[in-house]
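In the working numbering, the protein residues as written are 82 to 285. By construction, the Cβ of each residue, glycine as well, lies at the ideal position given by its N, Cα and C atoms. The structure presented is a predicted model; accordingly, all values stated were derived computationally and were not measured. For reference, the structure discussed in these notes is given below.
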């Protein structure tokens, strides 16, 4: 009699457990997110070394804005009237875009950095602000776009540097590829605007 009652109770408990498991399925990432993560693993997974990471960090630091401001100052000093306008345009685009991204765009999205909740190699200081979009990429592409607007022949060089900055942010563990891509798009837009405003012949 006792054994006959025990079996239904055990069976009922199993049914309830299976029912709960079905109501909480694992959340699958979307296709864009899956591609983003795979690209991140590929780029971040490129070989790291003390010397190599040092040079990549130097390239990455150009995206903070001061490197592009220094380049703009050099153009202003050596390039005459055109150089002054190009240099000012690059500096304004770089610093203005940095402010825009850091103060106005990132607080809206608040995406976590790749190293949050993940065991990954991170080279440099772990910034705890939002990951999306990349301020370094935005600043670099803004300056590159502004410079190329005045000196079209420099476009391959400056955009190669800006692209290198963006890739370095992924390789060093600070950003996802989508952070860099959107940052680059913002930079192209703000850089184009800065160049258009400062191309007026009445300025400088």
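Which value, in whole angstroms, describes the spacing of the CA atoms of residue i and residue j?
i: residue 58; j: residue 126; result: Since the first residue of the chain shown is 82 and the last is 285, residue 58 is not available in this structure.
i: residue 264; j: residue 112; result: 20 Å
i: residue 116; j: residue 232; result: 35 Å
i: residue 206; j: residue 146; result: 17 Å
When burial is assigned at 16 or more other CB atoms within 10 Å of the CB, is residue i buried or exposed?
i: residue 279; result: buried
i: residue 197; result: exposed
i: residue 162; result: exposed
i: residue 200; result: exposed
i: residue 193; result: exposed
i: residue 102; result: Residue confidence for residue 102 is low, a pLDDT of 41 falling below 50, so the modelled location carries little weight and cannot support an answer.
i: residue 40; result: Lying before the first or after the last residue shown, residue 40 is absent from the chain, which here runs from 82 to 285.
i: residue 130; result: exposed
i: residue 136; result: exposed
i: residue 269; result: buried
i: residue 239; result: buried
Can you name, in chain order, every residue of its own chain whose Cβ lies under 6 Å from the Cβ of residue i, other than the five neighbours on each side?
i: residue 174; result: 223, 224, 227, 271, 272 and 275
i: residue 157; result: 164, 165 and 168
i: residue 104; result: In this prediction, residue 104 has a pLDDT of 49, which is less than 50 and means its spatial position is unreliable; what the coordinates show is noted afterwards. Contacts found: none.
i: residue 124; result: 251 and 252
i: residue 259; result: 117
Within this structure, are the beta carbons of residue i and residue j separated by less than 8 Å?
i: residue 249; j: residue 176; result: no
i: residue 244; j: residue 219; result: no
i: residue 184; j: residue 211; result: no
i: residue 182; j: residue 267; result: yes
i: residue 195; j: residue 144; result: no
i: residue 257; j: residue 121; result: yes
What residues in its chain sit with their C-beta under 8 Å from that of residue i, if we drop five residues either side in the sequence?
i: residue 148; result: 142
i: residue 154; result: 168 and 172
Which same chain residues, not among the five before or five after residue i, have their C-beta less than 7 Å away from its C-beta?
i: residue 261; result: 215, 218, 247, 250 and 251
i: residue 277; result: none
Give, in chain order, every unbroken run of the alpha helix (DSSP H) that is at least 4 residues long and sits entirely within the region 196 to 251.
216 to 231
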